[in-house]
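Undergrad:
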Amino acid sequence: MTKLLKAALLFLWLWCAGARHVLAHEQPTTLMALDVSSQQVSMTLHLPLSELELAFGHEITINPAQNLPRWQAPLRDYLLTHLRAVTAPDQRWTVTVGEMQVGRATQTQSGTFQEVTVQLLLTPSAGVTTRRFTLHYDAIMHQVVTHKALVSIRHDWERGQIGEQQVGVIRVDTGTSRIEPLEINLEQGSWWAGFVGMVWLGMQHIKEGTDHLLFLLVLLLPATLLVNGKRWGGFGGSRYSLVRLLKIITAFTLGHSITLLVGALGWLRLPPQPVEVLIAFSILVSAIHAMRPVFPGKEVYVAAGFGLVHGLAFATVLSDLQLSAGPLALSILGFNLGIELMQLFVIAVT
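So for the sequence shown, the numbering used here puts the first residue at 3; every next one is plus one.
1. Can you tell me whether PHE135 is buried or exposed, with buried defined as 16 or more other CB within 10 angstroms of its CB?
2. Three-state secondary structure (DSSP) at ARG94?
3. For a minimum of 4 consecutive residues, which ranges assigned as the alpha helix (DSSP H) are wholly contained in the segment 54-129?
4. For the alpha helix (DSSP H) that contains VAL198, what are its first and last residues?
5. For my contact list, ALA195 and ARG173 are in at a C-beta cut-off of 8 angstroms; report their separation, rounded to the angstrom.
6. On a CA-only basis, which of ASP92, LEU286, GLY307 is nearest THR261? Give me that one, please.
7. Could you tell me how far apart the beta carbons of LEU248 and GLY238 are, in whole angstroms, since I believe they sit closer than 8 angstroms?
8. Do the segment 325-344 and the segment 257-273 touch if we need at least three Cβ pairs shorter than 8 angstroms?
9. Counting only the same chain and skipping the five closest in sequence on each side, list residues whose C-beta sits under 7 angstroms from that of ASP158.
10. Looking only at its own chain, which residues have a Cβ that is under 7 angstroms from the Cβ of ILE208, when we skip the five neighbours before and after it?
11. DSSP three-state call for VAL348: helix, strand or coil?
12. Mind pulling the alpha helix (DSSP H) runs of 4 or more residues that sit fully within the segment 271-346?
13. What does the alpha-carbon distance come out to for the pair HIS312 and GLY231?
14. Classify ARG233: buried if its beta carbon has 16 or more other beta carbons within 10 angstroms, exposed otherwise.
15. Since THR32 sits in a beta bridge, which residues does DSSP pair it with?
16. Near TYR80, what residues of its chain come up, given a Cβ to Cβ distance below 8 angstroms and the 5 sequence neighbours on each side ignored?
17. Taking all protein chains shown into account, decide if GLU53 is buried (16 or more other Cβ within 10 angstroms of its Cβ) or exposed.
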């Protein structure tokens, strides 16, 4: 009995070890992220190179970054053959394959692997909605039947969605051995939902963007104090303090509203690094001023000036959405409103 128990335990241990080994080497999955606008759908496609090589018929896993130019054109043709979007009745969309880039990715089950990221543009005929269509896709899985593609909506302004949400999986049906297309139905969206989503996005941006709040709070710290020589003196009184606080907040709001508008419209674009450096500098200057008056009585101008810098950081959030004129105007209004609501809330509770 003891020997039988030991044998059973040994078998169980070996089985678990084997299961862990199999799970640890599960094949990576294709990821497909969609950005939905009123006129087109942008797609970012993440293809694992090891699986793609099996179906593509070209050697692409050896020095893929260097050899990308050599197999870029065949891969473009391959994707156009195995991907299409259709609106009933059989209205086929135009698919444009854009930039490709090789890199490394990590998934929970498969670990780290090499992938190629492909940007695509799906465009329906004029007057055809982008909010309901059928996605046909069988790349890789037409040869590697265990492969699958996870499809998610990354941006959908009319539903107020900014952030990935999985909508389906495309795979080989083991019962029929067929690859069924995925029905995309987003008809519940509206401009009101988009506006509300932008308000929440503005609030969330300030909630997570501690650098913006830190600058404003540090600048407001001495706003209630009087200047005594080269030092901060006593409390200036309720009326004095309230007026100063409102002036500084209003100046900061006007400053970042201007560059938020200009940046979101694409009239002014700066690399993120200089903007981040200037934001850090604004916090440093405000902190020094909070300890000793550096620009007493000129806080309003400083708030407006550095507000212009902070607005450039805000604008990158909206410019990445690539919205048309109407949704963009509502987004600027809603996003700015969300920023102000969160700023006022934080100031009120502090």
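Even glycine gets a Cβ: it sits at the ideal position worked out from N, Cα and C.
TA: This is what the structure holds:
1. buried
2. ARG94: strand per DSSP, three-state reduction.
3. 66-84
4. 193-210
5. Not confirmed; about 31 angstroms, so no contact.
6. GLY307
7. Contact flag wrong, Cβ pair sits at about 14 angstroms.
8. yes
9. Correct list, in chain order: VAL38, LEU188, GLY191.
10. HIS214, LEU215, ILE341, MET344, GLN345
11. Correct three-state label for VAL348: helix.
12. Listed in chain order, they are 274-293, 301-321.
13. 31 angstroms
14. exposed
15. ALA151
16. PHE58, ALA141
17. By the neighbour-count rule (16 or more Cβ atoms within 10 Å), GLU53 is buried.
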